[in-house]
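Novice:
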Amino acid sequence: MEDYTLDTEDGRLEALRRMLTIREFDTKAGEYFADGEIPGFVHLYIGEEAVGVGTCAALEPDDYITSTHRGHGHCIAKGLDTKLMMAELFGKRSGYCNGKGGSMHIADVDAGMLGANGIVGAGPPLATGAALSIDYQDRDQVALAFLGDGAVAQGQVHEAVNMASTWDLPAIFLVENNKYGEATPVEKQHNVKQLSDTAQAYDIPGVTVDGMDVTAVTEAVEEARKRARAGDGPTMIEAETYRYNGHYEGDEQNYRDEEEVAQWKERDAIESFKERLLDRGELTEAEFGELQAEVEDEIADAVEYAQNSDLPEPEEAYEDMFSESVPEVEQFASRLRTDGGSSRGDSQ
Numbered sequence: 001m002e003d004y005t006l007d008t009e010d011g012r013l014e015a016l017r018r019m020l021t022i023r024e025f026d027t028k029a030g031e032y033f034a035d036g037e038i039p040g041f042v043h044l045y046i047g048e049e050a051v052g053v054g055t056c057a058a059l060e061p062d063d064y065i066t067s068t069h070r071g072h073g074h075c076i077a078k079g080l081d082t083k084l085m086m087a088e089l090f091g092k093r094s095g096y097c098n099g100k101g102g103s104m105h106i107a108d109v110d111a112g113m114l115g116a117n118g119i120v121g122a123g124p125p126l127a128t129g130a131a132l133s134i135d136y137q138d139r140d141q142v143a144l145a146f147l148g149d150g151a152v153a154q155g156q157v158h159e160a161v162n163m164a165s166t167w168d169l170p171a172i173f174l175v176e177n178n179k180y181g182e183a184t185p186v187e188k189q190h191n192v193k194q195l196s197d198t199a200q201a202y203d204i205p206g207v208t209v210d211g212m213d214v215t216a217v218t219e220a221v222e223e224a225r226k227r228a229r230a231g232d233g234p235t236m237i238e239a240e241t242y243r244y245n246g247h248y249e250g251d252e253q254n255y256r257d258e259e260e261v262a263q264w265k266e267r268d269a270i271e272s273f274k275e276r277l278l279d280r281g282e283l284t285e286a287e288f289g290e291l292q293a294e295v296e297d298e299i300a301d302a303v304e305y306a307q308n309s310d311l312p313e314p315e316e317a318y319e320d321m322f323s324e325s326v327p328e329v330e331q332f333a334s335r336l337r338t339d340g341g342s343s344r345g346d347s348q
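With the first letter of the sequence shown counted as 1, position 161 gets the number 161 in UniProt numbering; the numbers rise by one all the way through.
(1) Going by other Cβ atoms of all chains shown within 10 Å of its Cβ, with 16 needed for buried, is D213 buried or exposed?
(2) Using 8 Å as the Cβ pair cut-off and three pairs as the minimum, do the segment 29-47 and the segment 99-110 touch?
(3) How far does the alpha helix (DSSP H) with Y32 in it reach, from first residue to last?
(4) Leaving out five residues on either side along the sequence, give the residues of the same chain with a beta carbon under 6 Å from the beta carbon of E9.
(5) Could you pull out every residue in the same chain whose Cβ sits closer than 7 Å to the Cβ of T128, ignoring the five residues on either side in sequence?
(6) Check for me: the alpha helix (DSSP H) holding M86 runs from which residue to which?
(7) How long is the line joining the alpha carbons of I22 and E49, rounded to whole angstroms?
(8) Just to confirm before moving on: does the CB-CB distance between E238 and T208 stay below 8 Å?
(9) Can you have a look at P314 and say buried or exposed, based on whether 16 or more other CB atoms are within 10 angstroms of its CB?
(10) Please state whether the Cβ-Cβ distance between A306 and K92 is less than 8 Å.
(11) Hey, out of E14, V186, V120 and P185, whose CA is closest to residue 350's CA?
(12) Taking just the CA atoms, how far does Y4 sit from D63?
(13) Could you tell me which uninterrupted beta strand (DSSP E) segments, each at least 3 residues in length, are contained entirely in the segment 45-85, listed from first to last along the chain?
(14) Which ranges does the beta strand (DSSP E) cover as unbroken runs of at least 3 residues, wholly within the segment 235-302, from first to last along the chain?
(15) For A171, which residues does DSSP report across the bridge?
(16) Grab me the residues of A130's own chain with a C-beta within less than 7 Å of its C-beta, minus the 5 sequence neighbours each way, in chain order.
(17) Candidates V217, R267 and C97: which alpha carbon is nearest F322's?
(18) Is Y180 helix, strand or coil when you go by DSSP?
(19) What residue ranges within the segment 181-237 form continuous beta strand (DSSP E) runs of no fewer than 3 residues, ordered along the chain?
(20) What does the Cβ neighbour count give for G289, buried or exposed, with the cut at 16 atoms within 10 Å?
(21) Below 8 Å, can you find three or more Cβ-Cβ pairs linking the segment 68-83 to the segment 297-311?
(22) Going by C-alpha distance, which of H72, E328, E259 and Q194 is nearest E240?
(23) Just the C-alpha distance for M1 and G79, rounded to the nearest angstrom, thanks.
(24) For V175 and G206, what's the separation of their Cα atoms in angstroms?
(25) Below 6 Å CB to CB, which residues in the same chain sit around R256 once its five sequence neighbours on both sides are set aside?
(26) Go ahead and pull the three-state DSSP assignment for M104.
(27) Apart from the five residues just before and just after S347, which ones in its own chain have a Cβ nearer than 7 Å to its Cβ?
(28) Relative to the alpha-carbon of E14, which residue among G30, I76 and N254 has its alpha-carbon at the smallest distance?
(29) Do you know how far the Cα of P124 is from the Cα of A153?
(30) Does DSSP classify S342 as helix, strand or coil?
(31) Would you grab the beta carbon distance between R243 and N191 for me? Rounded to a whole angstrom, and I think it's under 8 Å.
(32) Return the CA-CA distance between L132 and V109, expressed in angstroms with no decimal places.
(33) Check whether the Cβ atoms of I270 and G233 sit closer than 8 Å, and answer yes or no.
(34) Output yes or no for whether 8 Å exceeds the beta carbon distance between T235 and A57.
(35) Measuring CB to CB, does L16 end up less than 8 Å from R225?
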C-alpha cells in the first residue's frame, strides 16, 4: 500500500480504502473464527476504523506505533500485508510471527509496527522506550502508543507517560475510548469527565476528539507530532469511538443494548467519510463500488493464502523465542546506569 495523507485527493481515497480494508478483514476474521478455522481469541476493530487510519495518516512511514489486543486495524492502517496478517491469525508459518502470535501479537518491526499485545496497557512502556531511542539517536521520528480506555487505569501506563513527560520524549499516547473496558462502562472505571484530563497530572496537553471523524483524528495527531518533534514532549489524545462487536468474539454483550449500538452505527466513520468525498466530487458511487470490490478481492486472496499455508512443525515451538544481544542496546543501558540518562541526545 502507498503512504497516504489527508491533504491530497489520492491520500483521502487511500484512507477510505484502508478503512474499508480493515472492516472487510475483520468481518472475515470473525466469520472464520466462528467456523473454527482461526484459533485462540479474536478482538475485532469494526467501528473504530477512523482512529487507526486517521492516526497513521498523520505519521511518517518510519514512525513507530505500538498496539493493543485489538490491533488488526492498527496494522492495516500502518500498511502491513493482509496476507501475512491473515496467515498469522490462522496460525500458519507464513504469518508475521510464524503463526505463533495469533490475532493479538502481530508485529513488523521493519514497518514500525512494534507489536500488538495481549497485556492491557503494555504498549505505552514500549512506545516510551522507542521514543527514548529516537531521542538518544536524535532521529526525526515519533513513537505512538494506542491504548484502550481500560488501560488508562493501569500503573505501567502512568509510569510510561510520567517518564515520557519528565524527559520530554517524542511520544504520543492515543486512547481509543470505545466506552467499555471489556464489559465495564467507562464512567465506572474513571472519575474524570474526559480521559484526556489525566494528562494534567503530567503537565502535558490532553485533547479529546471525535474518533468517528478520520479528519479530526488526523489533525490532532499532526499537532501532537509537531509538538513532539519540536522537543516539547508527549501529548495524550482521547479519540471517542465505539466497537460494533463485543469485546471478543463470543461476547454475549449483556452490558449494552441494541439501541445504543444502532445509534453509534448511524455515525459510521466509513459512511460519513464516503459521503464527504462524494460531496467534494472526489468519488462517485460507481467508483466506491469498484473500490469495495477490490478490497473484497484482496481479503479473499488473504484468506486463500492463509488456508493454503503450512502450519509450523511442533519442533519449531521454541524457535524465535530469544534474540542475540545487541551491542548498541547494552552500551546504551550501561551509560544510563552510570550517568542517569544525561547522555540522551544532543538536546538533553
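Virtual Cβ for every residue (Gly too), placed ideally from N, Cα, C.
Specialist: Here's the rundown:
(1) buried
(2) yes
(3) E9 to A34
(4) E282
(5) A160, M163, A164, L169 and A171
(6) T82 to L89
(7) 7 Å
(8) yes
(9) exposed
(10) yes
(11) Residue 350 lies beyond the stretch modelled for the chain, which goes from 1 to 348, so this question has no answer here.
(12) 14 Å
(13) 64-66
(14) 235-240
(15) A143
(16) Y64, L114 and A143
(17) C97
(18) strand
(19) 206-210
(20) exposed
(21) yes
(22) Q194
(23) Unreliable positioning characterises M1 in this predicted model, as indicated by a pLDDT of 47, which lies under 50. The coordinate reading is nonetheless provided below. Whole-angstrom Cα-Cα distance: 6 Å.
(24) 10 Å
(25) none
(26) coil
(27) For S347, the predicted model reports a pLDDT of 42, less than 50, meaning its position is unreliable and no value from the coordinates is stated.
(28) I76
(29) 12 Å
(30) Its pLDDT being 47, under 50, S342 is placed unreliably in this model, and the value from its coordinates should be taken loosely. Here S342 sits in coil by DSSP.
(31) Actually they are not in contact, since the Cβ atoms of R243 and N191 sit about 23 Å apart, beyond 8 Å.
(32) 16 Å
(33) no
(34) no
(35) no
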